[in-house]
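Visitor:
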Amino acid sequence: MPRNIAVIGAQFGDEGKGKVIDFLAEKADVIARFNGGNNAGHTIVAEKKKFILHLIPSGILHRNKINVIGNGVVVDPEVLFEEIAHLSRGGIKVTPENLVVSSSAHMILPEHIEEDKAKGSKIGTTGRGIGPAYAAKAARKGTRVIDYIQKKEKYSEKLKPFVKDTSLLINQFLDQNKKILFEGAQGTLLDIDHGTYPFVTSSNAISGGICTGLGIGPKRIDKITGVVKAYVTRVGNGPFPTELNDKTGERIQKAGNEFGSTTGRARRVGWFDAVMAKYAARINSFDSMIITKLDVLSGLEKIKICVGYRRKEKRTEEFTTNLEELENSEPIYIVMDGWDDDISNVKQFEDLPKNAKDYLRRVEQLVKIPVSMVSLGPGREQTLILRRNEFF
Ligand code: IMP
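Just so you know, we're using this note's numbering here: the sequence shown kicks off at 2 and counts up by one.
1. With distance defined between alpha-carbon atoms, name the residue in Arg-34, Lys-180, Lys-51 nearest to Arg-381.
2. Nearest to Leu-54 by CA position, among Gly-132, Met-374, Glu-84, Gln-177, is which residue?
3. Rounded to whole angstroms, what is the Cα-Cα separation between Leu-353 and Arg-363?
4. Nearest-angstrom Cα distance between Leu-96 and Ser-203?
5. Do you know how far the Cα of Asn-99 is from the Cα of Glu-251?
6. What do you reckon, is the C-beta of Val-229 under 6 Å from a heavy atom of the ligand IMP?
7. Closer than 7 Å by C-beta to Gly-265: which residues in its own chain qualify, once you throw out the five before and the five after it? Chain order, please.
8. Asn-68 lies in the beta strand (DSSP E); which residues open and close that run?
9. When burial is assigned at 16 or more other CB atoms within 10 Å of the CB, is Ile-335 buried or exposed?
10. Which residue marks the beginning of the alpha helix (DSSP H) containing Gly-175, and which one marks its end?
11. Thinking C-beta only, is Gly-19 closer than 7 Å to Ile-57?
12. Does the ligand IMP have even one heavy atom less than 6 Å from the beta-carbon of Gln-187?
13. Output needed for Lys-303: all residues of its chain with C-beta closer than 8 Å, excluding positions within five of it in sequence on either side, in chain order.
14. For Ser-89, count the other beta carbons within 10 Å of its own beta carbon; 16 or more makes it buried, fewer makes it exposed. Which is it?
15. Is the region 291–310 touching the region 342–353 in the sense that three or more CB pairs, one from each, lie closer than 8 Å?
16. With a CB to CB cut of under 7 Å and the five nearest residues on each side skipped, what residues in its chain are close to Ile-10?
17. Is there contact here, the region 148–168 with the region 272–279, by at least three beta-carbon pairs under 8 Å?
18. Less than 7 Å separating the beta-carbons of Thr-226 and Pro-332?
19. Taking the Cβ atom as the reference point for each residue, do Ile-181 and Val-8 lie within a distance shorter than 7 Å?
20. Inspect the beta-carbon positions of Asp-77 and Ile-109 and report whether they are closer than 7 Å.
21. Take Lys-138 as the anchor and find which of Val-74, His-195, Ile-150 has the nearest alpha-carbon.
22. So for Asn-40, helix, strand or coil by DSSP?
23. Are Ser-376 and Asn-285 closer than 7 Å when you measure CB to CB?
24. Output needed for Asp-166: all residues of its chain with C-beta closer than 7 Å, excluding positions within five of it in sequence on either side, in chain order.
25. Indicate whether Glu-391 and Ser-373 have their beta-carbon atoms separated by less than 7 Å.
26. Based on the DSSP secondary-structure assignment, which residues constitute the bridge partners of Met-108?
27. Identify the continuous alpha helix (DSSP H) that holds Arg-363 and give its terminal residues.
28. Should Asn-246 go down as buried or exposed, given a rule of 16 or more other Cβ atoms within 10 Å for buried?
29. Suppose the cutoff is 8 Å on Cβ atoms and the five residues either side in sequence are ignored; what does the same chain contact list for Leu-170 look like?
30. Can you give the Cα-Cα distance for Arg-311 and Gly-239, rounded to whole angstroms?
31. What does a CB cutoff of less than 7 Å around Glu-27 pick up in its chain, not counting 5 residues either side in sequence?
32. Leaving out five residues before and five after Gly-91 in sequence, what residues of the same chain have Cβ atoms less than 8 Å from its Cβ?
33. Can you give the Cα-Cα distance for Gln-173 and Phe-393, rounded to whole angstroms?
34. Please tell me whether, using a cut-off of 6 Å, the distance from the CB of Ile-70 to the nearest non-hydrogen atom of the ligand IMP is below it.
35. For Lys-118 and Gly-132, which I take to be in contact (beta-carbon distance under 8 Å), what is that distance rounded to the nearest angstrom?
36. Do Ala-7 and the ligand IMP come close, with the Cβ less than 6 Å from some heavy atom?
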């Protein structure tokens, strides 16, 4: 049994990581975020209540778990305390017992938000000040949580009880064999180094970001799981080879409720891209894949999977982050038969329609990574486990 599991977005974010984390958190002791800020949006349905979390790790919805905001995260104190109040209204108490914030995380200040709103439109940022806060950090002009507390700013006193050296803490937890979930935000193709730059976010969303964003060594990570949607979505601008600008795209967008939980923007929709997923598997060292929202594809007569790109008359199976090359990559598809049945309440892999099982098996073959879990809806009970050994 793994002692810790990383849950990483393998596409452009919004893969359903929040639901997966929430599901796995039940058996975890610690849930730690290592990148991004309140640009993320995790929608979780727990005990018939819907919670949207942007900054606080999704493990907060379970009792007696320690949730860590690591040094790689950027923290907007206003959002942090709003979220604590939102949770409190839903009956969930947030205290220094269940939430810890790194003393060396960087703060998002009002000027970062102003700058993002003024300049972030080309990329289509979430306007939350994420880029400017990370830019200040890299330029060595940033304000860390510890600096902010010492300066006696608006939220300094309120923040203080939550603040710790979280690298020390996480390493102690690892030594004590506590079960830790590393909660990724955004996705591999939005990674500042390995995504479709400049149409990316400003942090490392890949598994490597766990080490820098929490202060642990790479050898300490046990299992790395990539989360993919059964199709692809993207919010904001940037290349998207399998994008659908037709009725099928609209249908998937509606059925999947593909509207951003952070900004409300409609998400662009496209077919599953095995070339992209294979790239994500390589960059992250995935042990397995979790496929979400398979239920959304129900009712489609034919389902396509991108298996390669045609670039300048040549076929390739390698992804590229060279924008010009990616924009000129024509997807090559295989076409699979769909299924009509509503699968959202299926409880066993064997009970899925044959064509749904074939789809999953084909994705596994193409990406060359086993599927360990399939999600068929937002609820905790709408989850199939295919490989028990990958989880707690
Ligand atoms: P930023 O992270 O606000 O700077 O936005 C940069 C790009 O990443 C934009 O295209 C955003 O739409 C996208 N983005 C940021 N966070 C998320 C997320 O959690 N899910 C999906 N897209 C995101």
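We put the beta carbon where it would ideally sit given N, CA and C, even for glycine.
Please read these numbers as outputs of a predicted model, since none were measured by experiment.
Guide: With the structure as the only source:
1. The candidate whose alpha carbon is nearest that of Arg-381 is Lys-51.
2. Closest in C-alpha terms to Leu-54, from the list Gly-132, Met-374, Glu-84, Gln-177, comes Glu-84.
3. The straight-line gap separating the alpha-carbon atoms of Leu-353 and Arg-363 is approximately 15 Å.
4. In the sequence under discussion, the amino acid at residue 96 is Thr, which differs from the Leu named in the question. Approximately 29 Å, taken between the alpha carbons.
5. C-alpha separation (whole angstroms): 41 Å.
6. Val-229: no, Cβ never under 6 Å from the ligand IMP.
7. If we look at Gly-265 and ignore the five residues flanking it on each side, it has no Cβ neighbours.
8. First-last of the beta strand (DSSP E) with Asn-68: 67–70.
9. Residue burial annotation: Ile-335 is exposed, with fewer than 16 other C-beta atoms found within 10 angstroms of its C-beta.
10. As written in the sequence, residue 175 is Leu, which differs from the Gly given in the question. Unbroken alpha helix (DSSP H) run through Leu-175: 167–176.
11. No; because the gap between Cβ atoms is not below 7 Å, this pair is not in contact.
12. Checking the Cβ of Gln-187 against the ligand IMP gives yes.
13. Taken in chain order, the residues that qualify are Val-336, Met-337, Asp-338, Gly-339.
14. Ser-89 counts as exposed, since fewer than 16 other C-beta atoms from the protein chains shown sit within 10 angstroms of its C-beta.
15. Yes, the region 342–353 touches the region 291–310.
16. Per the sequence presented here, residue 10 reads as Gly, with Ile not at that position. Spatial neighbours of Gly-10 in its own chain (CB-CB distance under 7 Å, excluding positions within 5 residues in sequence) are listed in chain order as Glu-16, Lys-18, Gly-185, Gln-187, Gly-188, Thr-189, Ala-206, Val-228.
17. Taking one beta carbon from each stretch, the region 148–168 and the region 272–279 have fewer than 3 pairs nearer than 8 Å; the two do not touch.
18. No; because the gap between Cβ atoms is not below 7 Å, this pair is not in contact.
19. No, these two residues do not count as a Cβ contact at 7 Å.
20. Yes, the Cβ-Cβ distance between Asp-77 and Ile-109 is below 7 Å.
21. Measuring from the Cα of Lys-138, the nearest candidate turns out to be Val-74.
22. Three-state result, Asn-40: coil.
23. No, they are not a contact pair.
24. The beta carbon of Asp-166 is closer than 7 Å to those of Ser-104 in its chain, skipping five residues each way along the sequence.
25. Yes, these two residues count as a Cβ contact at 7 Å.
26. Paired residue(s): Val-76.
27. Element bounds for Arg-363: 355–368.
28. Counting Cβ neighbours within 10 Å, Asn-246 comes out exposed, since fewer than 16 surround it.
29. So the list reads Val-69, Val-101, once near-sequence residues are dropped.
30. Arg-311 and Gly-239 have their C-alpha atoms spaced approximately 19 Å apart.
31. Only residues of its own chain outside the window of five on either side were considered, and among them His-63 have a CB closer than 7 Å to the CB of Glu-27, listed in chain order.
32. These residues qualify, in order along the chain: Lys-50, Phe-52.
33. Cα to Cα, Gln-173 sits roughly 19 Å from Phe-393.
34. Incorrect: Ile-70 has no Cβ contact closer than 6 Å to the ligand IMP.
35. Taking a contact as a CB-CB distance under 8 Å, the pair Lys-118 and Gly-132 does not count as one, their CB atoms being some 11 Å apart.
36. Outside the cutoff, so no.
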